[in-house]
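Trainee:
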Amino acid sequence: MGTSAIPLNYIRSCFLTSGISEESAIETLLGAGRVLLLLDGMDEVLNQQSNAVLKEIRSFSDKYHKNRFVATCRTADQKLRLRGFTDVEIAPFTQQQIRAFAQKWFVAFTKTNTEAGVAQSVQFIEKLDLPENWQFRQLVVTPLFLHLACWVFHGQEKFPTKRTEFYKQGLDLLLGKWDEARGIERDDVYRGFLLPQKLRLLSQVAAATFEQGHYFFEQRVIEQYIGEYIRNLTDAPMEPEELQLESEAALKAIEAQHGLLTERTRGVFSFSYLAFQEYLTVGSKRRKICQPPEKSPMYKYSFF
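Quick note, in my numbering, the sequence shown goes up one by one and the last residue is 779.
1. Helix, strand or coil: how does DSSP classify residue 747 here?
2. Hey, is the region 490-510 in contact with the region 521-531, meaning 3+ C-beta pairs nearer than 8 angstroms?
3. Taking residue 546 as part of the beta strand (DSSP E), name the residues at either end of that continuous run.
4. Evaluate residue 507 with the Cβ neighbour count: other Cβ atoms within 10 Å of its Cβ, from every protein chain shown; 16 or more gives buried, anything less gives exposed.
5. By how many angstroms is the C-alpha of residue 705 removed from the C-alpha of residue 696?
6. So for residue 564, helix, strand or coil by DSSP?
7. Are the region 561-579 and the region 529-541 in contact at 8 angstroms, needing three or more beta carbon pairs?
8. Using 10 angstroms around the beta-carbon of residue 623, count the other beta-carbons present and answer buried if the total reaches 16, otherwise exposed.
9. What runs of the alpha helix (DSSP H), each 4 residues or longer, lie entirely inside the region 585-637?
10. With DSSP run on the structure shown, which of helix, strand or coil describes residue 740?
11. Could you pull the start and end residues of the beta strand (DSSP E) that residue 514 belongs to?
12. Tell me where the alpha helix (DSSP H) around residue 687 begins and ends.
13. For my contact list, residue 546 and residue 557 are in at a C-beta cut-off of 8 angstroms; report their separation, rounded to the angstrom.
14. For the alpha helix (DSSP H) holding residue 696, just list the boundary residues, first then last.
15. According to the Cβ coordinates, are residue 681 and residue 752 closer than 8 angstroms?
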């Protein structure tokens with residue numbers, strides 16, 4: 476069986492669910508270049524499976540090269556290398572695109588009641604356009620943060636009165652529920668962190684950089700902060716090389732999984748939004764007052 480057989484079998488199953496059972500029709504469409512194949516969430520493929528998946532896509536796109544293929548991933552993910560594909564980056568949403576996204580989101584979320592979904596999307600836009608919600612309008616120009624805004628609004632039918640509460644709910648979703656809600660299994664690096672531990676780590680990085688006035692920082696600097704946090708999680712000594720590898724892996728996981736840290740240029744990072752850096756910095760100061768740093772002798776087994 477050729478390496479392009481797996482994508483072809485999946486396409487056949489999709490055609491079957493749509494009532495098209497003739498295999499000749501599928502081959503005819505593919506051979507004539509009449510198929511648009513959308514491959515979403517490439518960054519959600521586990522590391523141990525990524526090479527095999529990319530190999531399948533390359534083989535299939537080479538064999539049926541007349542068709543159009545779109546593969547999406549977070550810009551943070553550097554593993555997606557497909558010959559013949561053109562790399563593009565999504566521009567910030569326009570107001571019209573925000574309205575269209577919101578309507579589709581709420582309709583999809585309500586599932587059985589399209590009218591209710593449309594009505595809630597209209598309410599969402601009306602509340603978003605209120606003067607007091609200007610800070611939310613700044614955030615929702617990307618798919619991820621627009622999704623967060625829709626999620627928060629859906630549960631309350633309003634935006635939080637305090638901006639910090641919106642950040643808290645957004646971080647809770649990003650760090651604790653984002654992959655879980657979509658049934659995505661990540662690699663074991665960083666995934667084992669509990670929500671409070673993720674918040675402490677990001678707060679430590681935010682405070683260390685923000686208090687120095689550093690909104691852009693080199694990769695080696697941020698890995699040093701991450702390494703310090705990891706070292707404090709356990710009383711067991713770690714070799715410098717091992718600590719460096721785990722710090723680098725944790726940074727990549729943070730960047731790919733929820734986008735709070737993003738690589739602006741090669742080797743230079745920043746928080747994706749200054750507001751989150753500010754919020755996490757304040758949270759770091761509160762935690763220093765309330766409680767000492769945690770220790771966990773089980774770190775080597777439960778976190779990485």
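Every residue, glycine too, gets a C-beta built ideally from N, C-alpha and C. Quantities reported herein were computed from a predicted structural model and do not represent experimental measurements.
Mentor: If we stick to the structure as given:
1. coil
2. no
3. Residues 543-546.
4. Exposed, because fewer than 16 other Cβ atoms sit within 10 Å of the Cβ of residue 507.
5. Each residue's Cα considered, the two are about 14 angstroms apart.
6. coil
7. no
8. Its Cβ being crowded by 16 or more others within 10 Å, residue 623 is buried.
9. 589-603, 609-614 and 618-631
10. Here residue 740 sits in strand by DSSP.
11. 511-514
12. Careful: residue 687 lies outside any alpha helix (DSSP H) and carries neither H nor E.
13. Confirmed, Cβ separation roughly 6 angstroms.
14. 694-707
15. Yes.
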